[in-house]
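Peer 1: The structure under discussion is supplied below as C-alpha cells; questions concerning it will follow.
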Amino acid sequence: MSRKILLTGAGGFIGSHLAEELVRLNFAVRAFVHYNSMGSHGWLDTSPAEVRKELDIFAGNVCDPNGVRTAMKGCDAVLHLAALIAIPYSYHSPDTYVETNVRGTLNVLQAARDFGVEHLVHTSTSEVYGTAQFVPITEDHRLQGQSPYSATKIGADQLALSFERSFGTPVTVVRPFNTYGPRQSARAVIPTIITQIAAGARKIKLGSIHPTRDFNYVADTVGGFLAALDSKAGIGEVINIGSAFEISIGDIARMIAELMDVTIEIEQDDVRVRPERSEVDRLWASNVKAQKLLGWSPRFAGVDGLRKGLEQTIAWFTKQENLSRYRTNAYTL
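Written out as C-alpha cells, the structure is:
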C-alpha cells in the first residue's frame, strides 16, 4: 500500500506543485485546503484532471484543532506548508500571523504527536535569518525576526523542534529560500516583474532593488520536500533548501527584461518599500547540509539554472489564461 500523506497548504503555490508530484509518485494524498464559501481548492483547481481525481480533498483551517485532527486521521506522514506568508500584510495584521503560523503549527504538531505519525516535515523560510551576518548562510546562522511574519515563523520552527526534543515527534524543518515559478502570487517580486512587462509596462514599479536573494525554481523546492520526507537523517534537523547563488532584485529585473526581449526602466514605488530596519538586505544559502543529509541539490543552479527557471516561469505567466488571473496594474499586499 502507498503511504498516505497529509499535505497542508495544498492549494497554494508550492503546495499545489508538491501535491501533483506526490500523486505522480503514487503517494495517497489528502490535500488540506483552506475552506471558503466558493468551494475553491486554490491552484489545485487548475491541476490536470488525472491528478485531481486522485486527491482526497479536505477543506478546513489549520487554526481549528478539531479539523486538523480529522484531516490527519489515517495518515502516515505530514507535509506542513499552510501559512500566511505576505510580509507587507503582516505589518498591519500580525494577530492573524500568530494565529495561523504559530497556533496552526501547534495544532498540526499536537495531532501528529497524538496519532504517532512516522514523519512530519515542517516548512520554515529564509526570512528567519534576517539580513545575512555571513554568507553563504548555514543553518547555524542566528535567527532574527525583521517582520511579524518572520517572527511567527521563528516561533513555529522552534515549536516544531521542541516537539522532537520533548516528545520524540519525528520532525524535520525544511527552510526554503526564495521560491519562484508558475502560479506564484504577484506579491512576490518575480511575478510582479513578469506580469507588468507582459501587460505592456516598460516602467516597472518595484520596492528596494539593492537586496540580494537566493532564488529557487519551484521544482527544486518540491524536490527538497520529497527528499526530506524520504530521509530519516533529517529528523530533528533544520535544513536549508537553496540554490547557493545570489542575485540582486535590480539584476533579476534586468535579466527578466532581457529574456522577454524588452528594455525597462525601474521606478521605486514607496508603498512597496519595507521599513528600513525590516528589510532583509542579503540572503544567500549554503545547501551543504541538504546535500549531505538528504542527497538533494538544485537542478536549476547558478546563473544558467536561474535563466532556465525564469524562461519556464515567463512562458507560463505570458499565456493569456494565466496572465488574466493577475491584476497587473495594482500592488498586491
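Letter by letter, the sequence shown follows residues 755 to 1087 of the numbering used here. Quick reminder that beta carbons are idealized off the backbone N, C-alpha and C, glycines included. Keep in mind it's a predicted model, so treat the numbers as computed, not measured.
Note down, one range per segment and in chain order, each beta strand (DSSP E) of at least 3 residues found wholly within the segment 979-1031.
Peer 2: Listed in chain order, the complete beta strand (DSSP E) runs (minimum 3 residues) inside the segment 979-1031 are 992-995, 1019-1022.
Peer 1: Is Pro842 buried or exposed, if buried means 16 or more other CB atoms sit within 10 Å of its CB?
Peer 2: Buried is the call here.
Peer 1: Which same chain residues, not among the five before or five after Val805, have their C-beta less than 6 Å away from its C-beta?
Peer 2: Correct list, in chain order: Glu774, Val777.
Peer 1: Does the distance from the C-beta atom of Arg757 to that of Asp830 stay below 8 Å?
Peer 2: In this structure, Asp830 lies closer than 8 Å to Arg757 by Cβ.
Peer 1: To the nearest angstrom, how far is it from the Cα of Ser939 to the Cα of Gln864?
Peer 2: Their Cα atoms are separated by approximately 30 Å.
Peer 1: Which residues share a DSSP beta bridge with Ala782?
Peer 2: Lys758, per the DSSP bridge assignment.
Peer 1: In chain order, what residues of the same chain have a beta carbon less than 7 Å from the beta carbon of Gly1049, not counting five sequence neighbours either side?
Peer 2: Around Gly1049: Ala981.
Peer 1: Taking the alpha-carbon positions, what's the Gly763 to Ile839 distance?
Peer 2: For Gly763 and Ile839, the distance between alpha carbons rounds to 11 Å.
Peer 1: Using 8 Å as the threshold, is the C-beta distance between Gln898 and Leu960 below it?
Peer 2: Result no, Cβ atoms of Gln898 and Leu960 do not sit closer than 8 Å.
Peer 1: Compute the Euclidean distance between the alpha carbons of Val875 and Thr1017, then round it to the nearest angstrom.
Peer 2: Using only the alpha carbons, I get a separation of about 42 Å.
Peer 1: With a Cβ-Cβ cutoff of 8 Å, do Val928 and Thr877 count as a contact?
Peer 2: Cβ atoms of Val928 and Thr877: closer than 8 Å.
Peer 1: Once the 5 residues before and after Thr975 are set aside, which same chain residues still bring their CB inside 7 Å of it?
Peer 2: Only Ile768, Pro930, Thr933, Ile995 meet the Cβ criterion.
Peer 1: Who are the Cβ neighbours of Phe781 in its own chain at under 8 Å, not counting the five residues just before and after it?
Peer 2: Taken in chain order, the residues that qualify are Ser756, Arg757, Lys758, Ile759.
Peer 1: Got a sec? Which residues, its chain only, sit under 6 Å from Leu779 by beta carbon, not counting five neighbours each side?
Peer 2: Counting only Cβ-Cβ distances below 6 Å, and skipping sequence neighbours, we find nothing.
Peer 1: Indicate whether Val882 and Lys907 have their beta-carbon atoms separated by less than 8 Å.
Peer 2: Yes, the pair counts as a contact, with Cβ atoms nearer than the cut-off.
Peer 1: For the segment 873-950, list the alpha helix (DSSP H) runs that are entirely contained and at least 4 residues long, ordered along the chain.
Peer 2: With a minimum length of 4 residues, the continuous alpha helix (DSSP H) runs that stay inside the segment 873-950 are 902-921.
Peer 1: Expressed to the nearest angstrom, what Euclidean distance is found between the alpha-carbon atoms of Gly922 and Ile951?
Peer 2: Answer to the nearest angstrom: the Cα atoms are 50 Å apart.
Peer 1: Work out the CA separation of Tyr1080 and Ser1101 for me, nearest whole Å.
Peer 2: Because the chain is modelled from 755 through 1087, residue 1101 falls outside the range shown and cannot be assessed.
Peer 1: I need the straight-line Cα distance from Pro848 to Pro902, nearest angstrom please.
Peer 2: Distance between the alpha carbons of Pro848 and Pro902 is about 6 Å.
Peer 1: Within the continuous alpha helix (DSSP H) that includes Leu835, where are the two ends?
Peer 2: Leu835 -> no alpha helix (DSSP H), and no H or E assigned at all.
Peer 1: Can Val1042 be considered in contact with the ligand ATP, in the sense that its beta carbon sits closer than 7 Å to one or more heavy atoms?
Peer 2: Here there are no bound small molecules, and the ligand ATP is not part of this structure.
Peer 1: Taking the beta carbon of Gly828 as the centre, do at least 16 other beta carbons fall within 10 Å, making it buried, or is it exposed?
Peer 2: With fewer than 16 Cβ atoms within 10 Å of its Cβ, Gly828 is classed as exposed.
Peer 1: Measuring straight from C-alpha to C-alpha, what distance separates Leu1047 and Arg1061?
Peer 2: Approximately 28 Å, taken between the alpha carbons.
Peer 1: With distances taken Cα to Cα, identify the nearest neighbour of Ala886 among Asp1035, Ala1069, Gln1074.
Peer 2: The residue with the shortest Cα to Cα distance from Ala886 is Asp1035.
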